[in-house]
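Be aware that the sequence shown starts at 1, since it is given in full-length UniProt numbering, and climbs by one per residue.
In this text, a Cβ means the ideal position worked out from N, Cα and C, and glycines have one as well.
Given the structure is predicted, the values throughout are model-derived calculations rather than measurements.
Written out below as structure tokens is the structure these notes cover.
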Amino acid sequence: MFNFKKTKNRRIFAAAIVVVLVLAMVVPMVLSALVY
């Protein structure tokens with residue numbers, strides 16, 4: 001497992017989750033805009 005004792009790693013992990021969530025919301029809108 002990851003070493004969550006380090007605050008830096010925890011911040012990077014949280015930032016990665018946020019980026020994935022934002023991409024999951026933005027990508028379908030961009031694809032629909034390109035298709036239509």
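Legend entry - Distance between MET25 and LYS8 (C-alpha atoms, nearest Å): The residue labelled residue 8 in the question sits at position 8 within the sequence shown. The residue labelled residue 25 in the question sits at position 25 within the sequence shown. Distance between the alpha carbons of LYS8 and MET25 is about 26 Å.
Inset, instruction - Kindly indicate which three-state DSSP category LYS6 falls into: helix, strand or coil? - result: For this step, residue 6 is matched to residue 6 along the sequence shown. Three-state result, LYS6: coil.
Inset, instruction - Would you kindly work out how many angstroms separate the C-alpha atoms of ILE12 and VAL22, rounded to a whole number? - result: Here residue 12 refers to the residue found at position 12 when the sequence shown is read from its first residue. Here residue 22 refers to the residue found at position 22 when the sequence shown is read from its first residue. Cα-Cα distance, rounded: 15 Å.
Inset, instruction - Have a look at TYR36 and MET29 and give me their C-alpha separation to the nearest angstrom. - result: For the purposes of this step, residue 36 is taken as residue 36 along the sequence shown, with counting starting at 1. For the purposes of this step, residue 29 is taken as residue 29 along the sequence shown, with counting starting at 1. Each residue's alpha carbon lies about 11 Å from the other.
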